[in-house]
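Student:
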Amino acid sequence: MGSPCLLYLYCSSKEQFERVASQSVARVNELEAHYSRYLADSLLSDINSHAGTDKRFTLTDEFWTLLQYANTAHAISDGLFDITSGVLRKVWDFNNGQPPAIAKINSTLELVGWSKIVLDQNYFHLPLAGMELDFGGIVKEYAADLVVEMLRQSGINHGLVDMGGDIAVIGPHPDNSPWQVAISDPDFPEQAIATIPLMAGGLASSGDYQRFIVLNDERYCHILNPKTGWPVKGLAAVSVWAPQCVVAGTVATIAMLKGDVEGEKWLQDVGCNYVTVNRSGIVNCYPNALVRMSSHL
Amino acid sequence: MNSRNNALALLSVAASNILATHVHSAQVAEQFQFGVRHHNYQEDPLTEPLGGSPERYDINVNQFSLIAPLSDTADLSVSYQKEKMSGASPWYTLKFGDEEPLQVMSGASIEDTRTDVSATLRVIDDFNSYGITAAVSEEDDYKSASFGFKYSRETEKRLSTWSIAADFSNDDINPVDADIYTTRPMDTQSKHSASTLGSYSRILNKNTLLQLSVGLSKKSGYLSDPYKMVITQQGLIGDARPDSKISKTIATQLRYFVDPMDAALHLDYRFYTDDWSIDSHTVDIAWYQNLLFDVQLIPSIRLYSQSQSYFYDVFYTQERADNYYSTDYRLSEYGAVTLGLKLIKKFDSWSMTLSADKYSSSGDTFLANTDVENPALIDFTLVSFGFDLQF
Numbered sequence: 669m670g671s672p673c674l675l676y677l678y679c680s681s682k683e684q685f686e687r688v689a690s691q692s693v694a695r696v697n698e699l700e701a702h703y704s705r706y707l708a709d710s711l712l713s714d715i716n717s718h719a720g721t722d723k724r725f726t727l728t729d730e731f732w733t734l735l736q737y738a739n740t741a742h743a744i745s746d747g748l749f750d751i752t753s754g755v756l757r758k759v760w761d762f763n764n765g766q767p768p769a770i771a772k773i774n775s776t777l778e779l780v781g782w783s784k785i786v787l788d789q790n791y792f793h794l795p796l797a798g799m800e801l802d803f804g805g806i807v808k809e810y811a812a813d814l815v816v817e818m819l820r821q822s823g824i825n826h827g828l829v830d831m832g833g834d835i836a837v838i839g840p841h842p843d844n845s846p847w848q849v850a851i852s853d854p855d856f857p858e859q860a861i862a863t864i865p866l867m868a869g870g871l872a873s874s875g876d877y878q879r880f881i882v883l884n885d886e887r888y889c890h891i892l893n894p895k896t897g898w899p900v901k902g903l904a905a906v907s908v909w910a911p912q913c914v915v916a917g918t919v920a921t922i923a924m925l926k927g928d929v930e931g932e933k934w935l936q937d938v939g940c941n942y943v944t945v946n947r948s949g950i951v952n953c954y955p956n957a958l959v960r961m962s963s964h965l
Numbered sequence: 040m041n042s043r044n045n046a047l048a049l050l051s052v053a054a055s056n057i058l059a060t061h062v063h064s065a066q067v068a069e070q071f072q073f074g075v076r077h078h079n080y081q082e083d084p085l086t087e088p089l090g091g092s093p094e095r096y097d098i099n100v101n102q103f104s105l106i107a108p109l110s111d112t113a114d115l116s117v118s119y120q121k122e123k124m125s126g127a128s129p130w131y132t133l134k135f136g137d138e139e140p141l142q143v144m145s146g147a148s149i150e151d152t153r154t155d156v157s158a159t160l161r162v163i164d165d166f167n168s169y170g171i172t173a174a175v176s177e178e179d180d181y182k183s184a185s186f187g188f189k190y191s192r193e194t195e196k197r198l199s200t201w202s203i204a205a206d207f208s209n210d211d212i213n214p215v216d217a218d219i220y221t222t223r224p225m226d227t228q229s230k231h232s233a234s235t236l237g238s239y240s241r242i243l244n245k246n247t248l249l250q251l252s253v254g255l256s257k258k259s260g261y262l263s264d265p266y267k268m269v270i271t272q273q274g275l276i277g278d279a280r281p282d283s284k285i286s287k288t289i290a291t292q293l294r295y296f297v298d299p300m301d302a303a304l305h306l307d308y309r310f311y312t313d314d315w316s317i318d319s320h321t322v323d324i325a326w327y328q329n330l331l332f333d334v335q336l337i338p339s340i341r342l343y344s345q346s347q348s349y350f351y352d353v354f355y356t357q358e359r360a361d362n363y364y365s366t367d368y369r370l371s372e373y374g375a376v377t378l379g380l381k382l383i384k385k386f387d388s389w390s391m392t393l394s395a396d397k398y399s400s401s402g403d404t405f406l407a408n409t410d411v412e413n414p415a416l417i418d419f420t421l422v423s424f425g426f427d428l429q430f
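Taken in order, these protein sequences are the chains called A and B. Count along the first sequence starting at 1, add 668, and that's the number in our numbering. Count along the second sequence starting at 1, add 39, and that's the number in our numbering.
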C-alpha cells in the first residue's frame with residue numbers, strides 16, 4: 669500500500685491474533701496486486717498499459733463497484749474527484765520548484781477526463797493511449813473498511829485498522845472508551861494539532877504536509893485539479909469522519925480540491941464531521957465536541 | 040435533506056456496494072465447531088384425567104453437533120441426538136350428557152428411546168451454495184429416512200439471496216402391542232412426505248434484513264396416530280385420518296438491528312393452511328440484547344393459533360360418512376403462548392447457552408375461540424443448557 673499499515677486488535681489469544689492478522693494481510697496484498705499502479709503486473713497496470721489499444725477487459729464485481737464508486741464521487745464533486753487525473757503527476761516535479769511548460773500541462777490534460785470512459789463491465793477499456801486510472805484516493809481507504817468487516821466476521825469486536833493514516837474502527841476499547849486518534853500539525857507533522865475520539869466508522873485525512881510546491885511565494889499542495897492541471901491552493905489539512913473510511917477519504921479529497929474557502933463551505937453543506945487547518949494555521953471543526961485541541965495551540 | 044447531504048448519502052451507498060461485493064455472507068466454516076445440548080421437556084400433568092395416569096411426557100434429549108471444514112469451499116455438519124421419553128399419552132375422549140368432555144389417558148408405562156443422526160455437506164462457489172442432507176431416525180416402533188437438498192444464490196451485489204430447498208422422507212410405523220389393542224394396525228404402515236421451500240432474503244439497509252418464503256408439502260400414506268382411539272356409534276375404533284394432506288405456508292422474517300441499544304429485533308410471522316382445513320398463524324418476537332462481558336440475553340414470545348380440521352371433534356355423537364375420526368388435541372382449535380428467556384455467555388473459544396421456555400395452550404388463546412376446548416391440551420416447560428466450542 670506504499671505506507672505503513674497497522675492493526676490494533678483485542679484478541680482472545682495469540683493464535684487468534686496471528687490467524688486474523690495473516691488473513692487481513694493476505695487480503696490487503698490481494699488488493700494491492702489488483703489495484704496498485706506501482707506493480708507492473710497488477711490488473712490496473714494491465715488496463716493502463718493497454719489504454720488506446722483494442723484490448724477489452726471483463727472486470728470483477730469488486731473492480732466494477734470501485735469504478736461505480738468513483739463515478740458517484742465524480743458526479744457529486746462536479747468532476748473534481750477524477751480517478752483519471754493521476755497522469756498529471758508525471759508532468760509536475762514537486763522537488764524542482766518550477767511549474768512545467770503550459771503546453772505540457774495542456775497536452776496531458778487531453779488524457780484526463782472520467783467522462784471519456786464508457787462504463788461497461790464486460791468490455792472495459794481506456795480509450796486514449798497514455799490514459800491511466802489511479803485508485804490512490806479509494807483503495808487504501810476501502811482496504812481499511814474491508815479489513816474491519818473481515819475482522820468483525822472473525823469475531824473481533826474491539827480494534828482499529830490504520831492504513832497509512834486512513835483509519836477504520838472495529839469498535840471501541842473493551843471498556844467502551846474511544847480510540848484517541850491524533851491529527852498531525854501540517855507545519856510540524858510530528859506534532860498533533862488535535863485529537864479525535866473514535867468509537868466507530870472511518871477517519872481519513874488529506875493535506876499538503878508531505879508534498880507541496882511554492883510558486884511565486886504561494887504554497888500549492890500536491891493535489892492536482894483535473895480541470896486545470898494545476899495544483900490546488902487548498903486547505904493545509906482536512907480530516908473527515910464518516911461511517912465508512914472510503915467515504916471519509918473521498919470527502920476529504922474533494923474538500924482539498926475545492927480550495928480554502930469553498931472547501932470549508934462544502935464540508936459544512938455535506939454535514940459530516942471534520943477538522944480543517946487552513947494556511948494561516950486556523951483550525952475549524954464540526955462538531956466542536958468532536959475534537960480535543962492539543963495544548964500548544 | 041439538501042442536495043449536498045444527498046451527495047453524502049450517494050457516496051455511502053456506493054461504498055456499501057463495494058463492501059457487499061467482497062464480504063461473503065455465505066461462508067464455509069473455518070474452524071471445527073462442536074456443540075452439546077441437553078434439553079428437558081416436561082408436560083404438566085392433566086388435572087382431571089379419567090383412568091390411566093395424569094403424568095404426561097417427560098422427555099430428556101442429548102444433542103451433539105460437529106461442523107468440520109473440509110476445504111476453502113466445503114464443510115460437513117453432523118448431528119446426533121438421543122431422546123428418552125416416559126409418561127402417558129391421551130387415548131380417547133368421553134362425554135356424559137352436557138358435561139365437559141373428559142380425557143382418558145394411557146397408563147404411564149410408555150417408555151421409548153429415539154435416535155436421530157443427520158449429515159449435511161455444503162459446497163460454496165462464489166455466489167452459489169449447494170447443500171445435501173441425509174438423515175435417519177429410529178424408535179422402537181418407528182423408522183424414518185429422509186433426504187434433502189438446498190441451493191442458494193446470492194445476487195451480484197450480495198444484497199439478496201434466493202434459495203430453494205426440497206426434502207423427501209419415508210416413515211415406517213410398526214405399532215407396539217398391536218396383538219393386544221385391536222385398534223392398532225397389525226402390519227407396518229408407511230407414510231411419505233415431499234416438501235419444497237422457496238425463499239428470498241434481502242438486506243434493505245445496514246440495519247434491516249427481510250426474508251420471505253413460501254412452502255408446499257405433500258404427505259401421503261398412513262397419517263393417523265396408531266395409539267389414539269375414538270368412541271363412535273360403532274364402539275371404540277382407531278384414530279382414522281385421510282391418507283393424504285397437502286399444506287402450504289407463507290412466512291416472513293424481519294431482522295432489525297437497533298444501533299443505539301446494541302440489540303436486534305427478530306420479528307417472524309408464518310401462515311399455514313392445509314386441505315384438512317387447518318389454518319394457523321404464528322408470530323414470533325425476540326429481542327437479542329448484547330450486554331457487557333460478552334453476554335447476550337434473549338427474551339422472546341411466540342403466539343400461535345389454529346382452526347380445527349374438518350373431521351375433528353372433541354366427541355362424536357354422529358357417524359361420519361367419510362369414516363374419518365380423530366379427537367387428537369393437535370387437530371382441534373386452540374391457541375398457545377410460549378414465553379422464553381435465553382442467555383448466551385461467550386468466552387475465548389467457547390460459549391455457554393442456558394434457556395427456558397414456558398408453553399401454555401387453551402381453546403381461546405391468541406386468535407383461537409372455541410366453544411368446547413379439547414381436554415388434552417398441554418402446557419409444558421422446556422429447559423436447555425449447552426456448550427459450543429471452536430477449535
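Where a beta carbon is used, it is the ideal one built from N, C-alpha and C, also for glycine.
In chain B, which residues lie with their C-beta within 7 Å of the C-beta of A:Ile-744?
Tutor: Ala-46, Leu-49 and Leu-50
Student: By DSSP's criteria, A:Cys-889 is part of a beta bridge. Which residues make up the other side?
Tutor: A:Phe-880
Student: Using a Cβ-Cβ cut-off of less than 8 Å, list which residues of the stretch 904 to 938 of chain A approach chain B; keep chain order.
Tutor: Ala-910, Pro-911, Gln-912, Val-914, Val-915, Thr-918, Val-919, Trp-934, Asp-937 and Val-938
Student: Is the Cβ of B:Asn-56 closer than 8 Å to any Cβ of chain A?
Tutor: yes
Student: Considering only DSSP beta bridges, list what A:Met-818 is partnered with.
Tutor: Per DSSP, none; premise fails for A:Met-818.
Student: Please classify B:Gln-142 as buried or exposed, where buried requires at least 16 other C-beta atoms within 10 Å of its C-beta.
Tutor: Buried is the call here.
Student: So, for A:Glu-730: in the same chain, excluding its five sequence neighbours on each side, which residues have a beta-carbon less than 6 Å away from its beta-carbon?
Tutor: none
Student: With B:Ser-157 as the anchor, note down where its alpha helix (DSSP H) starts and where it stops.
Tutor: Where B:Ser-157 is concerned, there is no enclosing alpha helix (DSSP H), although the beta strand (DSSP E) around it starts and stops at 149 to 164.
Student: Could you run through the stretch 757 to 790 of chain A and flag, in chain order, every residue whose CB is less than 8 Å away from some CB of chain B?
Tutor: none
Student: B:Ser-238 by DSSP, collapsed to three states: which one?
Tutor: strand
Student: Would DSSP call A:Leu-689 helix, strand or coil?
Tutor: First, the residue type needs correcting, since residue 689 of chain A is Ala and not Leu in the sequence shown. Of the three classes helix, strand and coil, the one that applies to A:Ala-689 here is helix, per DSSP.
Student: Could you have a look at A:Pro-911 and say whether DSSP puts it in helix, strand or coil?
Tutor: Looking at A:Pro-911 - three-state DSSP - the assignment turns out to be coil, as it is neither helix nor strand.
Student: How about B:Arg-105 and B:Pro-93: are their beta carbons less than 8 Å apart?
Tutor: Residue identity check: residue 105 of chain B is Leu in the sequence provided, not Arg. Between B:Leu-105 and B:Pro-93, the C-beta gap is not smaller than 8 Å, which leaves the two residues out of contact.
Student: Can you tell me where the beta strand (DSSP E) holding B:Thr-392 begins and where it ends?
Tutor: From DSSP, the beta strand (DSSP E) with B:Thr-392 extends over 389 to 401.
Student: Which term fits A:Ser-874, buried or exposed, when burial requires 16 or more other beta carbons within 10 angstroms of its beta carbon?
Tutor: buried
Student: Helix, strand or coil for A:His-964? Go by DSSP, reduced to three states.
Tutor: With a pLDDT of 40 at A:His-964, under the threshold of 50, the modelled position of that residue is not reliable, and no figure is offered here.
Student: Would a C-beta distance cut-off of 8 Å place B:Pro-281 and B:Trp-315 closer than the cut-off?
Tutor: yes
Student: Since I believe A:Met-818 is in contact with A:Gln-691 (beta carbons under 8 Å), could you give me their beta-carbon distance rounded to a whole number of angstroms?
Tutor: 6 Å
Student: Measure the C-alpha to C-alpha separation of A:Asp-830 and B:Phe-296 and round it to an integer number of angstroms.
Tutor: Distance between the alpha carbons of A:Asp-830 and B:Phe-296: 27 Å.
Student: Quick one: using the 10 Å Cβ neighbour count with 16 as the cut-off for buried, is B:Tyr-368 buried or exposed?
Tutor: buried
Student: Checking contacts by CB at 8 Å: is B:Arg-294 closer than that to chain A?
Tutor: no
Student: I want to verify the contact list: residues of chain B whose CB lies under 7 Å from the CB of A:Gln-736, in sequence order.
Tutor: Ala-53 and Asn-56
Student: Could you tell me which of B:Ala-184, B:Ser-229 and B:Pro-338 sits nearest to B:Ala-303, measuring between CA atoms?
Tutor: If we check each option's Cα against that of B:Ala-303, B:Pro-338 comes out closest.
Student: Is it a yes or a no for the stretch 350 to 358 of chain B touching the stretch 382 to 402 of chain B, going by three-plus beta-carbon pairs under 8 Å?
Tutor: No: the two stretches stay apart, fewer than three of their Cβ pairs being nearer than 8 Å.
Student: According to DSSP, B:His-78 sits in a beta bridge with which residue or residues?
Tutor: Partner(s): B:Val-100 and B:Ser-423.
Student: For B:Asp-211 and B:Tyr-181, what's the separation of their Cα atoms in angstroms?
Tutor: 6 Å
Student: Once the 5 residues before and after B:Asn-41 are set aside, which same chain residues still bring their CB inside 6 Å of it?
Tutor: At B:Asn-41 the pLDDT is 46, less than 50, meaning the model places this residue with poor confidence and gives no usable figure here.
Student: Taking 8 Å as the cut-off, decide whether the C-beta atoms of A:Phe-762 and A:His-841 are in contact.
Tutor: Taking 8 Å as the Cβ cut-off, A:Phe-762 and A:His-841 do not qualify as a contacting pair.
Student: Give me the Cβ distance between B:Ser-319 and B:Ser-344, rounded to the nearest whole Å; I'm assuming they're in contact under 8 Å.
Tutor: 7 Å
Student: Please state if the CB of B:Ala-290 and the CB of B:Asp-307 are separated by a distance shorter than 8 Å.
Tutor: yes
Student: Closer than 7 Å by beta-carbon distance: list the chain A residues that pair up with B:Asp-387, in chain order.
Tutor: The answer, in chain order, is Ser-680 and Ser-681.
Student: Give me, in chain order, the residues of the same chain whose beta-carbon lies closer than 6 Å to that of B:Lys-287; leave out the 5 immediate sequence neighbours on both sides.
Tutor: Leu-255 and Thr-312
Student: Report yes or no: do the stretch 400 to 419 of chain B and the stretch 372 to 381 of chain B share at least 3 C-beta pairs separated by less than 8 Å?
Tutor: Because the criterion of three Cβ pairs below 8 Å is met, the stretch 400 to 419 of chain B and the stretch 372 to 381 of chain B touch.
Student: How close, in whole Å, do the beta carbons of B:Asp-155 and B:Ala-174 come, if the pair is a contact with beta carbons under 8 Å?
Tutor: 7 Å
Student: Could you tell me whether the Cβ of A:Thr-733 comes closer than 8 Å to any Cβ of chain B?
Tutor: yes
Student: Mind listing the chain B neighbours of A:Thr-740? Cutoff is C-beta to C-beta under 7 Å, in chain order.
Tutor: The answer, in chain order, is Leu-49, Leu-50 and Ala-53.
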